[in-house]
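Numbered by this note's numbering, the letters in the sequence shown go through residues 23 to 473 in order.
Glycine included, every Cβ here is placed at the ideal spot set by N, Cα and C.
Since we're looking at a predicted model, the values are computed, not measured.
Following: one structure in structure tokens, then a few remarks.
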Amino acid sequence: MNSQEVDSPHLQWLKNKLSNKEAISMPDFATNFKYLSESDADMAFKSLLSKNIIPRARQTAALNSYEVWKRNEGQTFWATQTATLSLTQTASTLAAEGAHVAKDLIQKRRISMLSSENGAQVLYATEEPWRTLMKSLKKIVNGEKCVTFPAPLQSMIPEHVLLFKHAVNLLETYQAQDAQDKDITLVKDAQGDLVVMATSRNLIPAFEEHPSTTYLEKYATTLRDKGIRHLRKKLVVDRGVLQDKHMEVDVLPAVAEIEDKVLRILTALCDFILQPPFGNASPSENDCLHLWTSIFTIIADKVTLHTGEKVLQASKIIRQMQTIEFGDVSESGRKVDCIFMNDNIELSNIEFKNPDIAMRDLTIQNRKNVRLARCIQEAHKDFGVQDASVLMADVSGFVGVFYQVQTLGEITIAGKVTSTTVLLPRTAGLGLFLQTKSLAVMWNYISFLEA
Numbered sequence: 023m024n025s026q027e028v029d030s031p032h033l034q035w036l037k038n039k040l041s042n043k044e045a046i047s048m049p050d051f052a053t054n055f056k057y058l059s060e061s062d063a064d065m066a067f068k069s070l071l072s073k074n075i076i077p078r079a080r081q082t083a084a085l086n087s088y089e090v091w092k093r094n095e096g097q098t099f100w101a102t103q104t105a106t107l108s109l110t111q112t113a114s115t116l117a118a119e120g121a122h123v124a125k126d127l128i129q130k131r132r133i134s135m136l137s138s139e140n141g142a143q144v145l146y147a148t149e150e151p152w153r154t155l156m157k158s159l160k161k162i163v164n165g166e167k168c169v170t171f172p173a174p175l176q177s178m179i180p181e182h183v184l185l186f187k188h189a190v191n192l193l194e195t196y197q198a199q200d201a202q203d204k205d206i207t208l209v210k211d212a213q214g215d216l217v218v219m220a221t222s223r224n225l226i227p228a229f230e231e232h233p234s235t236t237y238l239e240k241y242a243t244t245l246r247d248k249g250i251r252h253l254r255k256k257l258v259v260d261r262g263v264l265q266d267k268h269m270e271v272d273v274l275p276a277v278a279e280i281e282d283k284v285l286r287i288l289t290a291l292c293d294f295i296l297q298p299p300f301g302n303a304s305p306s307e308n309d310c311l312h313l314w315t316s317i318f319t320i321i322a323d324k325v326t327l328h329t330g331e332k333v334l335q336a337s338k339i340i341r342q343m344q345t346i347e348f349g350d351v352s353e354s355g356r357k358v359d360c361i362f363m364n365d366n367i368e369l370s371n372i373e374f375k376n377p378d379i380a381m382r383d384l385t386i387q388n389r390k391n392v393r394l395a396r397c398i399q400e401a402h403k404d405f406g407v408q409d410a411s412v413l414m415a416d417v418s419g420f421v422g423v424f425y426q427v428q429t430l431g432e433i434t435i436a437g438k439v440t441s442t443t444v445l446l447p448r449t450a451g452l453g454l455f456l457q458t459k460s461l462a463v464m465w466n467y468i469s470f471l472e473a
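Here is the structure:
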């Protein structure tokens, strides 16, 4: 453990919990460190739970307790957190989650954004009653008076009702204030509620479910009872039995193929943990990339992975347009860490960074990644695919967050497809991987690209 980890406020919080024998819970963690975004808190909390200083029993108990809390009280907790944010706090967090608004870049030849003072990009939904509420917000900002405000619909989920009512209350309060006493932060808070609602539309619940997780549960017991070296031997034996059973066929049946891939993935992870290629040194960006792409390659049947700062061809279209309209001298494409392709068609992009990347750099990476996904989306229109949804991911070390870029009316929105933060085991943490939905998210990501 290096000195940076020792001095980390997160790590010190964890040590205090362990020494005082207190519960390691997400509500306490998120409140203590003032997390405003569920995905940011999820990533940080799970990374903390993977630390070697936690006894395995406490690690498992904390993780199980967190997963139960997230499915129940967690939804209300994060909705309440959101409803009390200032836009300055909201925007900095949502920028890291990929909040993005843009007019159709090919048809409109321009980008239109609603931006706060700190440059975070704000978006809004075109569906009612959110569209009417956004119009009311614009009228108030322009000095016009709104006689009535829209009401939430009965079909809206409780979290969205809470956000909607909070936004209306803020606008009513702002409108009732005297001109010399008007507090513009009330309007910005209302914008923040609209941002949160729009980004939540990208969630795909099915992304956390996959048949592969049934095998993980089986091997989690082996790991807990026998340890990782015994687990690796069992994986090799089980795969041999599976292959022997289907010796006479060239292609494994679908169910057997899933099991075979799970066995290969878990064997690769065991090898990585038992003998990390970077030894005792800190892993480089390439070390992290290699582990991720190794797993993706095992899962994939149709798509191919291309790494090594490859040029995203789809980005050339946008840059050439900028040359025509803005006099931008560069017509070259943007380089990316990893491109997923089917034949010559670019499908998705992933950016990789070192584990210790600063939040500012992670935010820059995310915003670049969102724009590159928009380039892919525009390129797909040339193939006759309208309103295409493009997936991408941001990876910092062995932690990844998966996003979706999709068209919503005249704008494009981006947000995470699942609240699950994918966490690959490093020198430890295999038990955590076996008990979470990380593999399901990675598998569904590839399945989406191959559909």
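Distance between residue j and residue i (C-alpha atoms, nearest Å)
i	j	result
Q297	K187	54 Å
Q265	L274	9 Å
V28	Q34	Residue confidence for V28 is low, a pLDDT of 44 falling below 50, so the modelled location carries little weight; the figure read from the coordinates is stated next. For V28 and Q34, the distance between alpha carbons rounds to 7 Å.
R80	S47	11 Å
D272	E279	11 Å
V421	S234	20 Å
Q428	G262	43 Å
K255	K267	19 Å
L225	E231	13 Å
D383	F424	17 Å
I321	V90	28 Å
V258	T154	60 Å
D50	L208	28 Å
Y88	L238	19 Å
S41	I250	27 Å
P180	P174	10 Å
D64	G96	11 Å
W152	M363	36 Å
F67	Q399	33 Å
M156	K56	28 Å
K39	R78	15 Å
G301	F294	10 Å
F318	T329	12 Å
C168	T434	28 Å
K160	K43	51 Å
W465	D323	11 Å
C-beta atoms of residue i and residue j nearer than 9 Å
i	j	result
S370	Y467	yes
A84	I76	yes
L245	L452	yes
D404	K375	no
P305	R448	yes
M414	I367	no
T458	T442	yes
S61	K438	yes
L461	V190	no
For residue i, the three-state DSSP class (helix, strand or coil)
i	result
S316	helix
K68	helix
T326	strand
C397	helix
D416	strand
I226	coil
I75	coil
C360	strand
A473	coil
Q81	helix
I321	helix
A436	strand
Q199	coil
Y57	coil
Q387	helix
Q376	According to the sequence displayed, residue 376 carries Asn and not Gln. Here N376 sits in coil by DSSP.
N164	coil
V463	helix
S370	strand
A171	The sequence as given places Phe at residue 171; Ala does not occur at that position. Coil.
V209	helix
Cβ separation of residue i and residue j, assumed to be a contact under 8 Å, to the nearest whole Å
i	j	result
L454	L71	6 Å
S418	I379	5 Å
F171	E150	About 13 Å separates the two Cβ atoms, so there is no contact after all.
C7	L327	Examination of residue 7 is not possible in this model, given that the chain is present from 23 through 473 alone.
A290	S316	6 Å
L471	V358	Actually they do not touch by this definition, with Cβ atoms about 15 Å apart.
D205	Q199	7 Å
V392	A436	5 Å
C310	P227	Contact flag wrong, Cβ pair sits at about 28 Å.
A410	H402	4 Å
Residue-level contact to chain B via CB, residue i, 9 Å cutoff
i	result
F55	Any reference to chain B falls outside this structure, which holds one protein chain only.
Whole runs of the alpha helix (DSSP H) within the region 248-304, excluding any shorter than 4 residues: 250-267 and 276-296
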